[in-house]
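See below for the structure under consideration.
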Amino acid sequence: MLITCPYCGPRDVIEFTYQGDGNRERPQSASQDLDAWNAYVYDRLNPAGDHNEIWQHSGGCRAHLRVVRNTLTHEISSVAFARGDHKSVARHKTEGKS
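Now the structure itself:
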């Protein structure tokens, strides 16, 4: 599987570290709501189809990226910086397959 880093270009998935679900909202740092923290840490969905994920280019520029990946085909439809107003990088359908 290839992920196109906005800084470094197309790279093999081995250079990246999966950081988690890109749709989850973290409770406030000062929150003492144990149910909210328990849900954040342990509750996971297992969607079929397009899924927002956070990846870090740990073997390259170390940027955190928001990746939209199809969980059935592993096709990556877009990559963007996880923070900021940077533009996303569109992927061709053939590039997302390993």
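When we follow our numbering, the leftmost residue of the sequence shown carries the number 189, and every step to the right adds one. Heads up, the beta-carbon is just placed ideally off N, CA and C, and yes, glycines get one too.
- Taking all protein chains shown into account, ILE191 has 16 or more neighbouring C-beta atoms within 10 Å of its C-beta and is therefore buried.
- Where TYR206 is concerned, the enclosing beta strand (DSSP E) starts and stops at 205-209.
- Taking 3 residues as the minimum length, the beta strand (DSSP E) runs contained wholly in the region 200-246 are 205-209, 238-244, in order along the chain.
- Here ALA236 really is in contact with THR259; their C-beta atoms are around 6 angstroms apart, less than 8 angstroms.
- Here ARG214 has TYR228 as same chain residues with Cβ atoms under 8 angstroms from its own Cβ, once five neighbours each way along the sequence are excluded.
- Judged by DSSP secondary structure, THR192 falls within the beta strand (DSSP E) whose first and last residues are 190-193.
- Within a 10 Å sphere around the beta-carbon of ILE264 sit 16 or more other beta-carbons, which makes this residue buried.
- Listed in chain order, the non-local C-beta contacts of ARG257 below 8 angstroms within the same chain comprise ASP238, HIS239, GLU241, GLU263, ILE264, SER265, GLY284, local neighbours out to five positions each way being set aside.
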